[in-house]
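A.B. asks: Residues in the sequence shown are numbered consecutively from 0, following numbering that gives the first Met the number 0. Even for Gly, the Cβ is constructed at its ideal location relative to N, Cα and C. First, the structure itself, so that you have it in front of you.
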Amino acid sequence: MEYLTRQPENLSAPQRLGRWLRLKKYQIEVTFGVYMFTPTEKFIFWSVVFLLYGLLAIATVLYLPQHVLFIINRAWFYVNGGDSGLASNLVAGNKDAISLATSSTAKTVAAAVETIDSISREL
0 MEYLTRQPEN LSAPQRLGRW LRLKKYQIEV TFGVYMFTPT EKFIFWSVVF LLYGLLAIAT
60 VLYLPQHVLF IINRAWFYVN GGDSGLASNL VAGNKDAISL ATSSTAKTVA AAVETIDSIS
120 REL
């Protein structure tokens, strides 16, 4: 029972990752009964696991950024009620959108400074 033994605190990151992966392999083998398989069955089982994990990783890398952008645009639309444009242009790397965002931010900051100055003069 490797997980119950005291772990040395001074292990490097690759050693800790290796121990964690061995623990996960042990847990999967015990949970699904893989330890009782023949070597051929184990090979097929781990091949299927690796294939499914690989497909999940590829799908995550390819489609997650688009999905996150879609959710951000939809939330922007629900909050502000207009075309988000800015978020999708920033992700696409449109320089005009970035300059527009920075200029509008600079204008907003300048207006806030003027408001604070006028309020402090009134007090």
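Does DSSP put L63 in a helix, in a strand, or in coil?
C.D. replies: L63 falls in the helix class under three-state DSSP.
A.B. asks: Taking the alpha carbon of V48 as the point to measure from, which residue in N72, A74, P38 and I27 has its own alpha carbon closest?
C.D. replies: The residue with the shortest Cα to Cα distance from V48 is I27.
A.B. asks: Less than 7 Å between the C-beta atoms of F42 and V33, yes or no?
C.D. replies: No. Outside cutoff.
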